[in-house]
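Peer 1:
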Amino acid sequence: MEDEYLQRLNAEQLKAVQHPHDVPLQILAGPGSGKTKVLTSRIAYLILHEHIQPQSICAVTFTNKAAREMKERLTKLIGKSKVEEVKMGTFHALCALFLRRYPTRVGVKNNFTVCDADESKSILKRLLNSYKDCLEDNHLSLDVRNVMSMISKAKSRGQSPHDLATRAKHFGGHTPTENVIDRIIAELYESYEKFLRENNSLDFDDLLVYGVKLFSQQQTTNWCRHVLVDEFQDTNTLQYELMRHIASSSRCVTIVGDPDQSIYGWRSAEVANLAKMKLDFPATVQIYLEQNYRSTASILRASMTIVSQDQTRIPKTLHTSHPDGCIPVLRRFPSEQDEATCIAREIKRLSASSGGMLGWEDFVILLRMNSLSRSLESALRKEGIPCRVLKGQKFFERLEIKDLLAYLQLVDNPEFVPAFERVINVPARGIGDKTLGEILRAAHAKQLSPLAFIERIHDGRVPDVKPPVKRKIASFVKAIRELRVTARQGTMPADIIRKLIILVEYEDHLKRTQPDADTRWENVMELINFASEVQTELNDYPLQDLPDETTPTGDKDWDDMPDETEVAELDEEGIVEVKPNNSKTTAAQMADTNLEASTPLRLFLQASLLSGDSGDGGEEGGKEKVTISTCHSAKGLEWPVVFIPAVEEGTFPFALSEDANEERRLLFVACTRAQSLLYLSHCNKRLIAGKQMDRRLSTFVKAVIEDTPVCDIFAEETPELDRAHLEQMAAILGRQTPNQDVVVQKLAEFYSTDRYHKFMPTSGNALSTTFVAADAVYRTDTDKAIQQRQVLNKPSNNQVLSKVTHGRQSTQQYSGRSLVRMKPTAVSGPHHDTSNRRPVAALCPGHSKQLLPLQQVFQPANEQSPRYSSLAALTRGHLHDASNAEDPRGTFLSSSKQGFDSPGTAAPPPAPSVPIKRRLGMGRMVTGYANKKFRPPQS
Numbered sequence: 038m039e040d041e042y043l044q045r046l047n048a049e050q051l052k053a054v055q056h057p058h059d060v061p062l063q064i065l066a067g068p069g070s071g072k073t074k075v076l077t078s079r080i081a082y083l084i085l086h087e088h089i090q091p092q093s094i095c096a097v098t099f100t101n102k103a104a105r106e107m108k109e110r111l112t113k114l115i116g117k118s119k120v121e122e123v124k125m126g127t128f129h130a131l132c133a134l135f136l137r138r139y140p141t142r143v144g145v146k147n148n149f150t151v152c153d154a155d156e157s158k159s160i161l162k163r164l165l166n167s168y169k170d171c172l173e174d175n176h177l178s179l180d181v182r183n184v185m186s187m188i189s190k191a192k193s194r195g196q197s198p199h200d201l202a203t204r205a206k207h208f209g210g211h212t213p214t215e216n217v218i219d220r221i222i223a224e225l226y227e228s229y230e231k232f233l234r235e236n237n238s239l240d241f242d243d244l245l246v247y248g249v250k251l252f253s254q255q256q257t258t259n260w261c262r263h264v265l266v267d268e269f270q271d272t273n274t275l276q277y278e279l280m281r282h283i284a285s286s287s288r289c290v291t292i293v294g295d296p297d298q299s300i301y302g303w304r305s306a307e308v309a310n311l312a313k314m315k316l317d318f319p320a321t322v323q324i325y326l327e328q329n330y331r332s333t334a335s336i337l338r339a340s341m342t343i344v345s346q347d348q349t350r351i352p353k354t355l356h357t358s359h360p361d362g363c364i365p366v367l368r369r370f371p372s373e374q375d376e377a378t379c380i381a382r383e384i385k386r387l388s389a390s391s392g393g394m395l396g397w398e399d400f401v402i403l404l405r406m407n408s409l410s411r412s413l414e415s416a417l418r419k420e421g422i423p424c425r426v427l428k429g430q431k432f433f434e435r436l437e438i439k440d441l442l443a444y445l446q447l448v449d450n451p452e453f454v455p456a457f458e459r460v461i462n463v464p465a466r467g468i469g470d471k472t473l474g475e476i477l478r479a480a481h482a483k484q485l486s487p488l489a490f491i492e493r494i495h496d497g498r499v500p501d502v503k504p505p506v507k508r509k510i511a512s513f514v515k516a517i518r519e520l521r522v523t524a525r526q527g528t529m530p531a532d533i534i535r536k537l538i539i540l541v542e543y544e545d546h547l548k549r550t551q552p553d554a555d556t557r558w559e560n561v562m563e564l565i566n567f568a569s570e571v572q573t574e575l576n577d578y579p580l581q582d583l584p585d586e587t588t589p590t591g592d593k594d595w596d597d598m599p600d601e602t603e604v605a606e607l608d609e610e611g612i613v614e615v616k617p618n619n620s621k622t623t624a625a626q627m628a629d630t631n632l633e634a635s636t637p638l639r640l641f642l643q644a645s646l647l648s649g650d651s652g653d654g655g656e657e658g659g660k661e662k663v664t665i666s667t668c669h670s671a672k673g674l675e676w677p678v679v680f681i682p683a684v685e686e687g688t689f690p691f692a693l694s695e696d697a698n699e700e701r702r703l704l705f706v707a708c709t710r711a712q713s714l715l716y717l718s719h720c721n722k723r724l725i726a727g728k729q730m731d732r733r734l735s736t737f738v739k740a741v742i743e744d745t746p747v748c749d750i751f752a753e754e755t756p757e758l759d760r761a762h763l764e765q766m767a768a769i770l771g772r773q774t775p776n777q778d779v780v781v782q783k784l785a786e787f788y789s790t791d792r793y794h795k796f797m798p799t800s801g802n803a804l805s806t807t808f809v810a811a812d813a814v815y816r817t818d819t820d821k822a823i824q825q826r827q828v829l830n831k832p833s834n835n836q837v838l839s840k841v842t843h844g845r846q847s848t849q850q851y852s853g854r855s856l857v858r859m860k861p862t863a864v865s866g867p868h869h870d871t872s873n874r875r876p877v878a879a880l881c882p883g884h885s886k887q888l889l890p891l892q893q894v895f896q897p898a899n900e901q902s903p904r905y906s907s908l909a910a911l912t913r914g915h916l917h918d919a920s921n922a923e924d925p926r927g928t929f930l931s932s933s934k935q936g937f938d939s940p941g942t943a944a945p946p947p948a949p950s951v952p953i954k955r956r957l958g959m960g961r962m963v964t965g966y967a968n969k970k971f972r973p974p975q976s
C-alpha cells in the first residue's frame, strides 16, 4: 500500500522519483506537469526506500502556500510525525531558524528583529536626507525605492558595502552623474548596514547574507543528507550559494524548475543557476516532465508557439491528453474602455452559457502591471460582477496592526529604534518630532537605546531633556515594563496583545483618531485570532531547549542532536513558527529555562513580520469573485478561464524591461494559467499619462500570426459553448456537466438583461438565435427537441409571439453564417392572431430584408444604452446605426473583428409591443410605452 503513490505517476515522473539519491538531479518540469506531486513523492521515496532519516532532508520552497501544500501531501504518504522532522520552508525561514540557534557564529544576537520593507524604507529615507544638498548641487534626484532596490540587488549578489564602494570608485558609470549616484548608493548602503547592526536588526536580504556565512561553516551542515529545491529557476546568487553550502557534505541535490517560467530577473533571479549547478555538480542528470495535466491542447499550442520564439531557451515541449477545446481568442478594440466592457460582458455570457458551471471565481484577468486594473474594475462593477485584486494591501501592513506589532517588537528588542519612534506617541502623549529628535540625540550621546534612555529619565537616573518628557512618558514606560515581564514569563502572544490593548487604551485611541475605527478594531481582533492560531501550534508542539552557545554544548553539530529537530511553518515569505518534535520543555516553562531564543512572543513576531499575507484579511473571504492579478502574482496558480488584456508593444514586452526574453516568458506563464478558455486582447489606442496613444499588437503575438495561419493558433471570434464543449470542460475541471434546461434558463436570463447584446451566438447553443423578417422566422438551431422546450421570455398580454413551430426548412446566408429559414406552419397562443400582427418589415420601410433578433424584438429597451433607439424612431422606419456618433462605442460593436460580441450588424431597436420603464423623476419609474401615440395590436 505504501507504494500506491508510485502507481499514480507517469513514466517520466516515476523515473525522476526513483532516481538514485546520490546522483544530483535536475527535474525540468513544464507548467501543469505535476512538479509538486513529483517533489513530494521524491521525498517520500527517499525516506521509505532509500532509508534517509527525515531530519536529514532539507526541502526548500519559495512560498508558504507551496510549503503547506507539500506538507499536506507528504503527510498522507509518510505520516505526520515524519513530516514534522523534515526541514521544510523558504530560504529565508531556513536561515532565520539556524541564525536563532547559532547567532554568535556570525556576530548577531539571538533576539535580532527582522525589519519589514516599510521600516527599511523609513531608515533609508532618513539617511537619504543628508545627501539632499549634494543631489541638488549636481541637479540630481534619487528615490528611496530605487535605493532600496539597488541595495537589495547588491546583497542578492553577495556584495558588501565595501564591494559596492570599490566598484563605484574603479568601475563607476560612464558619466559624472552616474559616478555621483554610484558613490551615494555605496555610502547609503554602508550607513544602512551600520544602523541595522546598532539596532540589533536584519532585513530580509540579511537573512540570506548571514545564512550563507553560517552555512559556509561545515559543522553547521553535517546534518544534511539530501537537499531538494522547488522553483529553482527563481533562485538568486545568494540562494544558490545557500543550496551549495548546505549540500556540501552530502553532494546530494534534487532541484525542480522550468527555465521557461523564469520571470523574476528584476528580483535578481538567475536562470543561469541551472547551468551553474551542472558545473558545480558535474554528475547532474536532467529529466524532462512534458506531460501537461492542466490545459487544453489548443492553449498549449498557442503558449508554446509564443515561448518558442526565444532561440536561447532549452529546447523542450509540452503535450496533453486533453482535447483541443476552444481555440484561444485574440481580439482588437478601439480603446481600453471597450476592451474592459467586453471582457466583463464575456464573463457574464460564459457563466450563463455554462449553465452556472463557471462561477465568478473561475475567471481571472491577468495584467502586466497593476495600473491597468482601473478600467477593468469599473467595467466589472457596472456589470454587477464582484472582483478582488490579488496581492492587495497586506493585513500586516495596516496602520493598527503595525502599531501593535511595533510595541511587541520593542518589548522583545529594546534596541530597535524604528519601533520606538513609531509608538512613543501612540496614543498621543505630547511628544512631537522636536522632542523625539532631542531624545534620540541625547540617547546617542550616552550610547544608550532610546528606550533605555527614557527609562532612566523616568527613574530619575539621568537628567530630563528639553522640553521635559518625564511626566509624558510615565504611562509608556509602565506599559513596556509590564509587557516585558509578561513576555519573560512565557505568556502566549494573544494574551500579551490583549494586555497591551488595555494598558495603552488602544481602542479609545482608534475611536479618537480614525473615522473607520470599527473596521480597524476588527483588524485588531483578527490579529488576536492570528496570535491564537500560533498559540495553538505552540501548545501542540512544546518548545525545545536550545543550547547556549556560551556553553560547550553549544558547539555540537546539528546531527549530534537528533531530538532537537525543528520545523518552520512559514507564511508566504517567512516563518510562522519554529517547532521541535521531541521536547519536554513547554512554552510555560521557558521563563525558568532562560531560553530567550525561542520565546512565544519572538516566534509570533517572526510569524507576522516575515508574513507574506495575501491581503484579504478575512474580509468577504467567502464570496465568489472574479480575480484581477498581475502575471507575476499568478505564477503557480490556475483558472478555468483567463483574460490577458493589453497584449501590446510597451506592455509585452514592458517598455522599461531590459530582457525581452523574460517578458516573453512572462506572457507564456500567463497563458498557461488557463485550463479551458484563453482570451488575449489589445487596443488601437490607450490612455497613457493623460494622452491617447496609438498602440500596436505585441511582437510576441504578431510573430505567431505571421508565421502560422491565424485560425490554427488564435480565433477572431468568441467561442460558442455547445454541448460537446461543455462536456470537455467539465471533464478537464472535474465537474458535472450542466443540465441542458439550466443552460437554457441561464442564457435566457442573460440575454434578457444584456445591455450590449446585438444577437445571440448562432451555432450550437441551446438557446438559439431567432430572427424575424416580415412573416418569416429564421432559427439557427435545428434541434427540434430543444426548440420545442425553448423559452425566450414568459409571454405577456402585449407580446406578439410566445411559441413557434416550424416546418419546411431552407438555408440563407446572414453575416457570414449559415442560417436556417423556417417557414412557420402554425402560430399558437391566445395572443398570437397573425391577422392582427404587424410584420416588422412593415414597420421598417426600406429595410424589408433586415433580420431582427427575436429576443430583441420582444426585449425591453434599456434606456441607459444609447444604442437602443426609441420606439417612435422605429415606427418612422429608421433603424439605429451602431456607427452613429451618439454611440460612444463607435463602430466597434458592428465589426466582426472588433469586440467579444458576436459579429453582425448593429442591434435593432425593441419592437413596439414591449412595455418599457420610463423615468418620472425623483427616482420613480413606471411601466409604459415610449411612443404614447402607439398602441399594441389587440387580440
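The sequence shown begins at 38 in our numbering and counts up one residue at a time.
Every residue gets a Cβ at the ideal spot worked out from N, C-alpha and C, and that includes glycine.
Given the structure is predicted, the values throughout are model-derived calculations rather than measurements.
#1: Thinking just about the alpha-carbon of each residue, which of Gln255, Asp295, Leu279 and Tyr277 is nearest to the one in Ser286?
#2: Between the C-alpha atoms of Gly67 and Asp295, what's the straight-line distance to the nearest angstrom?
#3: Could you have a look at Leu179 and say whether DSSP puts it in helix, strand or coil?
#4: Which residues in the same chain as Leu674 place their Cβ atom closer than 7 Å to its Cβ, once the five residues preceding and following it in sequence are excluded?
#5: Can you tell me whether DSSP reads Asp791 as helix, strand or coil?
#6: Would you tell me roughly how many angstroms separate the C-alpha atoms of Leu441 and Glu109, rounded to the nearest one?
#7: Rounded to whole angstroms, what's the CA-CA distance from Ile750 to Pro365? Just pull it up for me.
#8: So, are the CB atoms of Pro677 and Ser713 less than 9 Å apart?
#9: Please state the DSSP three-state secondary structure of Asn329.
#10: Curious, which full-length beta strand (DSSP E) runs of at least 3 residues does the stretch 399 to 447 contain?
#11: Cys379 lies in the alpha helix (DSSP H); which residues open and close that run?
#12: On the three-state DSSP scale, how would you describe Ala625?
#13: Select from Asn148, Asp545, Ser197 and Arg368 the residue whose C-alpha is nearest the C-alpha of Leu136.
#14: Expressed to the nearest angstrom, what Euclidean distance is found between the alpha-carbon atoms of Pro299 and Ser332?
#15: So, Leu337 versus Thr357, is the Cβ gap smaller than 9 Å?
#16: Going by the beta-carbon positions, is the gap between Thr73 and Ala103 smaller than 9 Å?
#17: State yes or no: is the C-beta of Ser305 within less than 9 Å of the C-beta of Thr274?
#18: Within 10 Å of its beta-carbon, does Asp545 have 16 or more other beta-carbons around it, so buried, or fewer, so exposed?
#19: On the three-state DSSP scale, how would you describe Ser17?
#20: Who are Gln323's beta bridge partners in DSSP?
#21: State the Cα-Cα distance for the pair Ala130 and Ile476, rounded to the nearest angstrom.
#22: Just mark Gly469 as buried or exposed, buried being the case when its beta carbon has 16 or more other beta carbons within 10 Å.
#23: When the distance is taken between beta carbons, is Ala524 closer than 9 Å to Pro451?
#24: What are the residues that DSSP puts in a beta bridge with Gln298?
#25: Use the C-beta contact count for Leu436: other C-beta atoms within 10 angstroms, 16 or more gives buried, fewer gives exposed.
#26: Please confirm if Asp297 has its CB atom under 9 Å from at least one CB of chain C.
#27: So the beta strand (DSSP E) Asp470 belongs to, where does it begin and stop?
#28: Answer yes if the stretch 694 to 706 comes into contact with the stretch 314 to 333, meaning at least three C-beta pairs across the two stretches below 8 Å, and no otherwise.
#29: Relative to the C-alpha of Leu417, which residue among Leu404, Gln729 and Trp397 is closest?
#30: Would DSSP call Phe567 helix, strand or coil?
#31: Note down the Cα distance separating Asp59 from Ala320, rounded to an integer number of angstroms.
#32: Between the alpha carbons of Pro91 and Lys158, how many angstroms are there, rounded?
#33: Could you tell me the alpha carbon to alpha carbon distance between Ala707 and Glu278, rounded to whole angstroms?
#34: Cα-Cα, which of Asp40, Phe567 and Val522 is closest to Met438?
#35: By Cβ distance, which residues of its chain are closer than 8 Å to Thr112, with the 5 residues on each side in sequence left out?
#36: Among residues of its own chain, excluding the 5 on either side of Thr472, which ones have a beta-carbon nearer than 7 Å to its beta-carbon?
Peer 2: On the basis of the supplied data:
#1: Gln255
#2: 6 Å
#3: coil
#4: Arg710
#5: coil
#6: 32 Å
#7: 7 Å
#8: yes
#9: strand
#10: 400 to 404 and 424 to 426
#11: Glu373 to Ser390
#12: Any answer about Ala625 is weak, because its pLDDT of 40 lies below 50 and its placement is not dependable; what the coordinates show is given next. Here Ala625 sits in helix by DSSP.
#13: Asn148
#14: This sequence places Ser at residue 299; Pro is not what is there. If I take the Cα positions, the gap works out to 20 Å.
#15: yes
#16: yes
#17: yes
#18: exposed
#19: The requested residue 17 is not part of the displayed model; the chain covers only 38 to 976.
#20: Gln63
#21: 35 Å
#22: exposed
#23: no
#24: Gln298 is not bridged to any residue.
#25: exposed
#26: In the structure shown, chain C does not exist; there is a single protein chain.
#27: Segment Asp470 to Ala482 is the alpha helix (DSSP H) holding Asp470; no beta strand (DSSP E) there.
#28: no
#29: Trp397
#30: helix
#31: 10 Å
#32: 40 Å
#33: 30 Å
#34: Per the sequence shown, the amino acid found at residue 438 is Ile instead of Met. Of the candidates Asp40, Phe567 and Val522, the one whose C-alpha sits nearest the C-alpha of Ile438 is Phe567.
#35: Val120
#36: Pro504 and Val506
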